[in-house]
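Below is one structure, written out as structure tokens; the observations come after it.
Protein chains in written order, with my numbering: chain R, 11 to 428; chain V, 577 to 976.
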């Protein structure tokens, strides 16, 4: 039975080539856009090397101090993180804690050429939360941090820029007026991964001034690695408790009395970053629903288009439907048949969409539009694509099929329009 | 004629309803992209207020701590003043100044004041006396800041025409006091008006702008974050390294980043236009899809109506009359879709949902989208209607 449907479907597609082309074009372009979007989301949010444990990592990326007339909001400072967040690492659910700075643009001049790098200052634990792929050498350690050694880990692109791709181990680079010895080279970390990406990483203790140790608001982030995803809620509430403790030691209690911050998963951090205005309370669930709604809205136009075309195609086959009805096929059987036909069409379109998406993604990767991007169609994205295609196929097939099954056999046999 | 055609459209309401819906959504898509594009174009055509050519920006990080005292602030200012002096002495540099916020900076400083019960927002900046010369600001009234302004019993303020107009309409702003201040602080008084200043660049909307004077002798709460310098045209890029060495030599504890404003401008343009380009590309493919779809549906519909149109021909209607009928029917369908879309989008300016876009820009976007829909429909209907008008009456009547 199903095989018969398939055969008919392919025959029908081959008969009206122009219509088939229009349908396939619409489906593949729609899925292309959805797949590329899905790939970017996957790239930014799913666990990928080196952030293979991002699903059980929490980050503290923002801190707000408030008083009656004053509000100050910035990345947290090292002093705050070190004194009030680090103690959380004693919790049984916490595996590691690290402090790392936001990336800063740092300039070097090499042989008359200017090189701009994103520089992060990190402690030794940072490298034990990440699973970075080292092409040369190894990460710097907590001893390097406590000994304020001028050592650096650089990424592949930086090695190419400074040393034309020759081994960089043990060589010296000068950045922002300081000289570092290269101890490790890692594969490029995509710039969208905002808690880890940089061109070079050096110990925090090499910072030019000692101020950072006292700051509450500065340019550092805290990363907490949980033993298990189930530990995250408990860690979040412990973090809030440590904020209450910190509030009693605020540096300028006349101006500021309360602290607001949160330990966020990657998705929550993105939502907070893109929420306009006050970001004390965010709604990740609503944002997910909104994204889904946007996807539906985007699919609306192509779906309408496909419904229109399907209706026209079906009118063409009125006499076929008449014959089938006259021989006793039920409306439900007919709806089933046409939905299957439409699914065949959508899946063909999806296949074309996948191929197109692969091309567009590799073009995006090499364009440098998203620095260090390695967008790819992995099995997750492929799975999203398949779901979208099925959804799309059913959505655009049901209405025309229903209209068609309503045809009166006598009229249909005469070839009258719907 | 129109009534008759409306009846014909109504008779095929289900098929046509879907087409109207499709045109409605396409209209919305075109409207969104067109409005954003026109918004940028409209902003681009407004005066900018300064020259970014041959101006370099040095971003300075002075490593200021939260607990620094007055003495440290004074020491920093001394280093800053020395830096400025050394930069001005360099051969390719024509003039230099210090500012809190540089043109094309991402962040900024916004303050507000209440006038007659309504809150007026303004972008602000603290700048040294050389700023006007470096960026070529055009004064329309009063004067610019002078080095010795710190001796005054009040704080001099320079505003742009937008702010002057918002605050006092056509009255003379010179000498006016801007805000009610704490009595312990000096009052602020307007000393000059510049034609325009749009910190965020050509693509951003016009905003109110206010300058305060940053002295290089007396510490204030201003934190100098940029040094701006005008260089001679055709200064080689190699000068950048020389400048960097000089700065690092004078202040080894600070961090510096040098960038021609032209580069900063390019990256601002890029980041603002990227969504437009991405949205435009997606919209283009959506429209292409819709156009092909409409074309196919119209073609199929006309095949269905062969007998009807054949009858008209047999009854004496000319070719062009049939042609016109088909096109006109399509125009009616499009009008429904566009009307529906216009009713929806007109709510945006009425309800003031997106405050920063002017109603004129919305109107232009609406007109553009409507025109695009009519052109698209006409293109899609043209070939099928030509085919229909070519039908031979006898053949058409025999068609089964």
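The beta-carbon is built from N, C-alpha and C at its ideal position, and this holds for glycine as well.
Taking Cβ-Cβ distances shorter than 7 Å, what residues in chain R pair up with residue i?
i, result
"residue 829 (chain V)", "218 and 219"
"residue 602 (chain V)", "311"
"residue 872 (chain V)", "28, 29, 32, 319 and 322"
"residue 923 (chain V)", "The premise fails here: residue 923 (chain V) is roughly 17 Å from chain R at the closest Cβ pair, so nothing lies under 7 Å."
"residue 634 (chain V)", "Result: empty, since nearest Cβ-Cβ is about 11 Å, beyond 7 Å."
Any C-beta of chain V sitting closer than 7 Å to the C-beta of residue i?
i, result
"residue 51 (chain R)", "no"
"residue 315 (chain R)", "yes"
"residue 245 (chain R)", "no"
"residue 17 (chain R)", "no"
"residue 154 (chain R)", "no"
"residue 85 (chain R)", "no"
"residue 404 (chain R)", "no"
Please list the partners that residue i has in chain R, where partner means a Cβ-to-Cβ separation under 9 Å.
i, result
"residue 639 (chain V)", "217, 218, 219, 221 and 222"
"residue 605 (chain V)", "311"
Residues of chain V with a CB under 8 Å from the CB of residue i: which are they?
i, result
"residue 117 (chain R)", "820, 832, 833 and 834"
Which chain R residues are close to residue i, counting only those with a beta carbon under 8 Å from its beta carbon?
i, result
"residue 814 (chain V)", "122"
"residue 594 (chain V)", "314, 317, 318 and 321"
"residue 598 (chain V)", "311, 314, 315 and 318"
"residue 817 (chain V)", "119, 122 and 124"
Just to check my reading of the structure: residue i and residue j have Cβ atoms closer than 8 Å, yes? What is that Cβ distance to the nearest angstrom?
i, j, result
"residue 866 (chain V)", "residue 288 (chain R)", "Incorrect: roughly 40 Å between the Cβ atoms, too far for contact."
"residue 817 (chain V)", "residue 124 (chain R)", "7 Å"
"residue 672 (chain V)", "residue 710 (chain V)", "6 Å"
Examine chain R for any beta-carbon lying closer than 7 Å to the beta-carbon of residue i, and answer yes or no.
i, result
"residue 958 (chain V)", "no"
"residue 734 (chain V)", "no"
"residue 861 (chain V)", "yes"
"residue 869 (chain V)", "yes"
"residue 949 (chain V)", "no"
"residue 876 (chain V)", "yes"
"residue 824 (chain V)", "yes"
Closer than 7 Å by beta-carbon distance: list the chain V residues that pair up with residue i, in chain order.
i, result
"residue 65 (chain R)", "By Cβ distance, chain V contributes nothing, its closest Cβ being about 29 Å from residue 65 (chain R), past 7 Å."
"residue 358 (chain R)", "Within 7 Å Cβ-Cβ: nothing; residue 358 (chain R) doesn't reach chain V, min ~16 Å."
"residue 43 (chain R)", "858"
"residue 35 (chain R)", "865 and 868"
"residue 39 (chain R)", "861 and 865"
Grab the span of the alpha helix (DSSP H) containing residue i for me, first residue to last.
i, result
"residue 766 (chain V)", "Looking at the DSSP string, residue 766 (chain V) is not in any alpha helix (DSSP H); the run it does join, the beta strand (DSSP E), is 764 to 770."
"residue 851 (chain V)", "837 to 880"
"residue 83 (chain R)", "Not the alpha helix (DSSP H): residue 83 (chain R) falls in the beta strand (DSSP E), residues 81 to 86."
"residue 70 (chain R)", "Note, residue 70 (chain R): premise wrong, no alpha helix (DSSP H); beta strand (DSSP E) at 67 to 70."
"residue 657 (chain V)", "646 to 665"
"residue 388 (chain R)", "Where residue 388 (chain R) is concerned, there is no enclosing alpha helix (DSSP H), given that its DSSP letter is neither H nor E."
"residue 586 (chain V)", "578 to 587"
"residue 905 (chain V)", "895 to 921"
"residue 815 (chain V)", "815 to 826"
"residue 718 (chain V)", "From DSSP, residue 718 (chain V) is part of no alpha helix (DSSP H) but of the beta strand (DSSP E) over 715 to 718."
"residue 137 (chain R)", "136 to 139"
Name the two residues that bound the continuous beta strand (DSSP E) containing residue i.
i, result
"residue 309 (chain R)", "That residue, residue 309 (chain R), is in no beta strand (DSSP E); its alpha helix (DSSP H) goes 294 to 325."
"residue 686 (chain V)", "686 to 691"
"residue 231 (chain R)", "230 to 236"
"residue 154 (chain R)", "Element bounds for residue 154 (chain R): not the beta strand (DSSP E) but the alpha helix (DSSP H), 152 to 156."
"residue 119 (chain R)", "114 to 120"
"residue 704 (chain V)", "Note, residue 704 (chain V): premise wrong, no beta strand (DSSP E); not H, not E."
"residue 933 (chain V)", "Per DSSP, residue 933 (chain V) belongs to no beta strand (DSSP E) and is neither H nor E."
"residue 162 (chain R)", "161 to 165"
"residue 183 (chain R)", "182 to 185"
"residue 111 (chain R)", "104 to 111"
Report yes if the C-beta of residue i is less than 6 Å from at least one heavy atom of the ligand FAD; otherwise report no.
i, result
"residue 41 (chain R)", "For the ligand FAD, the structure offers nothing, since it holds no ligand at all."
Against residue i, what residues of chain V qualify as contacts under a CB-to-CB distance less than 9 Å, listed in chain order?
i, result
"residue 186 (chain R)", "824, 831, 832 and 833"
Practice task
Report yes or no: do three or more beta-carbon pairs, one from the stretch 201 to 215 of chain R and one from the stretch 131 to 142 of chain R, lie closer than 8 Å?
Solution key: yes
Practice task
Flag this pair as touching only if the stretch 604 to 617 of chain V and the stretch 315 to 330 of chain R have three or more C-beta atom pairs under 8 Å; answer yes or no.
Solution key: no
Practice task
Pair every Cβ in the stretch 241 to 254 of chain R with every Cβ in the stretch 61 to 74 of chain R, then say whether three or more of these pairs are closer than 8 Å.
Solution key: yes
Exercise for the section: For the stretch 191 to 203 of chain R and the stretch 372 to 384 of chain R, state whether three or more C-beta atom pairs, one from each stretch, are separated by less than 8 Å. Expected result: yes
Exercise for the section: Decide yes or no for the touch test of the stretch 99 to 114 of chain R against the stretch 22 to 34 of chain R: beta carbon pairs closer than 8 Å, at least 3 of them. Expected result: no
Practice task
State whether the stretch 768 to 787 of chain V contacts the stretch 712 to 727 of chain V, with contact taken as three or more CB pairs (one from each stretch) at a distance under 8 Å.
Solution key: yes
Practice task
Count the CB pairs spanning the stretch 781 to 800 of chain V and the stretch 690 to 706 of chain V that are closer than 8 Å, and state whether there are at least three.
Solution key: yes
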